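2 protein chains.
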Amino acid sequence: MSQRNGILLVVSGPSGSGKTTLCRRLADEGEARYSVSCTTRPARPGEINGRDYHFLSREEFLAKRDAGEFLESAEVHGNLYGTLKTEVIGPLGNGTDIVMDLDVQGAAQVRACTDAEIRLAAVDLFVMPRNEEELLARLSGRGTDSEEVIALRMKNALGEMSHWPEYTYRLLSGDREEDFSRFKSLVIAERMRVCRLL
Amino acid sequence: MSQRNGILLVVSGPSGSGKTTLCRRLADEGEARYSVSCTTRPARPGEINGRDYHFLSREEFLAKRDAGEFLESAEVHGNLYGTLKTEVIGPLGNGTDIVMDLDVQGAAQVRACTDAEIRLAAVDLFVMPRNEEELLARLSGRGTDSEEVIALRMKNALGEMSHWPEYTYRLLSGDREEDFSRFKSLVIAERMRVCRLL
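From first to last, the protein sequence lines stand for chains U and Z.
For the record, in the first sequence the residue sitting at position 87 is 69 according to my numbering, with numbers rising by one throughout.
For the record, in the second sequence the residue sitting at position 3 is -15 according to my numbering, with numbers rising by one throughout.
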């Protein structure tokens, strides 16, 4: 009955699916650690280096990326973002469960990773609304956005949602408490997975 | 968001692990169907054909077994026991979750089954006490059995327990409510598994 290896839970889903809330709450309840990403964008007021992000210069980031140190990375609006393997591999080996909120490209990079520690730990979940009406309602938000803006969000969300069959698990989101309960069930089940107990 | 395929949850564990209680409660709460086995042993008073067992003659049983109709079967104390594939495949296709309480040989037969429906549906769990002290306490029961009887039970249980690494999940049993909660988490998680949603 040896020390358990940690779970690397990768969570994706369109904007409005509630995935970020699920991940944050899991971390807030002490059930998992939220991994801290690196970024080349400047820190915003109140953001703390090492807590919100590891802030790197573009040169530092690219050097680490070229050295294969990133588990996943992406460029968004001219800024680089990524998760260092060292950020997750050590804690996983100590039995710490880690949750990551990644887009479909990031999740695909984790899935393609060949490091034994990552392959053992990683499991992925796609969170999405039950139907298009619910998605539209969530994306319409406070009703202050133009129809064009909402239509673009809807198009992007539907594009992202087409990737759900690539994941191991899918959660259809609806009621907040019910969603979190099922999300936590997934973590509890994965903690019983024999391959991480050996 | 198509009709989900059912889960075939195979549960093993030594005598005293609490596995049967877990399976029965899952069925009692309407979360899964308890599969009905066939047997060649005579019905006991109160047992109903089709509810407790499908009672078959030895000839009937062997004919079905030779025709490959059993998902798993075994001979125990001169009586044949087994689960028909038809008992599970139809309900699974309709999205019914099924729970089976099988010994390690039975679970191995399910794992070796090549039918596509079974492979998609099957997942297995080994339930065992947290440590040998707890196992001994559970096997000692009401304290009316001889040391020899208890020692034999202990030997059998430890032999069965050595098979836990062959399973997908392992549940270390302790508190009854906590055990059932984790058992149910496993079912909830498996219902979100993408391969059964496609």
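The C-beta atom is built at its ideal place from N, Cα and C for all residues, glycine as well.
Quick caveat, the model's predicted, so the values are computed rather than measured.
Item: Cross-chain neighbours of U/I30 in chain Z, by beta carbon under 8 Å; Value: Within chain Z, no residue comes near U/I30; the closest Cβ sits about 34 Å away, beyond 8 Å.
Item: Pick from Z/Y16, Z/H36, Z/S17 that is closest to Z/A25, judged by C-alpha positions; Value: Z/H36
Item: Contact set for U/E99: own chain, Cβ-Cβ below 7 Å, skip 5 residues either direction; Value: I71, L74, G75
Item: Short Cβ contact (9 Å threshold) for Z/V131 with Z/L(-9); Value: no
Item: Residues near Z/R40 by beta carbon distance below 7 Å, same chain, minus five either side; Value: T22, L62
Item: N- and C-terminal bounds of the beta strand (DSSP E) containing U/E148; Value: Neither: U/E148 is in no beta strand (DSSP E) and is coded neither H nor E.
Item: Beta-carbon proximity check, U/D83 vs U/R93, cutoff 9 Å; Value: no
Item: C-beta atoms of Z/V81 and Z/A14 nearer than 9 Å; Value: yes
Item: Span separating the alpha-carbon of Z/A45 from that of Z/Y16; Value: 24 Å
Item: Outcome for Z/V58 when other beta-carbon atoms lying within 10 angstroms are tallied against a minimum of 16; Value: exposed
Item: Chain-ordered chain U contacts of Z/L180 [CB-CB under 8 Å]; Value: P147
Item: Secondary structure of Z/M(-17), DSSP reduced to three states; Value: With a pLDDT of 41 at Z/M(-17), under the threshold of 50, the predicted position of this residue should be treated as unreliable, though the coordinate-derived value follows. Coil at Z/M(-17), not helix or strand.
Item: Nearest-angstrom Cβ-Cβ length linking Z/R178 and Z/R(-14), presumed shorter than 8 Å; Value: 6 Å
Item: Sheet register partners of U/F52 (DSSP bridge); Value: U/L66
Item: Beta-carbon contacts of U/R152 that lie in its chain and below 6 Å, excluding the five residues immediately before and after; Value: F108, W146
Item: Z/S167 - DSSP class collapsed to helix/strand/coil; Value: helix
Item: Own chain partners of Z/M(-17) with C-beta closer than 7 Å, once the 5 adjacent residues on each side are dropped; Value: Here Z/M(-17) scores only 41 on pLDDT, less than 50, and its place in the model should not be relied on; the value that follows carries that caveat. Here the set comprises nothing.
Item: Cβ separation of Z/E51 and Z/K67, assumed to be a contact under 8 Å, to the nearest whole Å; Value: 6 Å
Item: Uninterrupted alpha helix (DSSP H) stretches inside the segment 83 to 163 of chain Z (no shorter than 4 residues); Value: 86 to 94, 98 to 103, 114 to 122, 129 to 143
Item: Per-residue burial, Z/R164 [other beta carbons within 10 Å of its own, 16 or more giving buried]; Value: buried
Item: Beta carbon proximity, U/M174 to chain Z, threshold 9 Å; Value: yes
Item: U/E57, DSSP secondary structure in three states; Value: strand
Item: Collapsed DSSP secondary structure at U/R178 in the structure displayed; Value: helix
Item: Contacts of U/G151 in chain Z (Cβ-Cβ under 8 Å); Value: Reading off the sequence shown, one finds Tyr at residue 151 of chain U, where the question assumed Gly. The answer, in chain order, is A171, M174, R175, V176.
Item: Short CB-CB distance (under 9 Å) between Z/K1 and chain U; Value: no
Item: For Z/G88 and U/G88, the rounded distance between their alpha carbons; Value: 41 Å
Item: Proximity below 9 Å, CB of Z/E142 to CB of Z/S(-6); Value: yes
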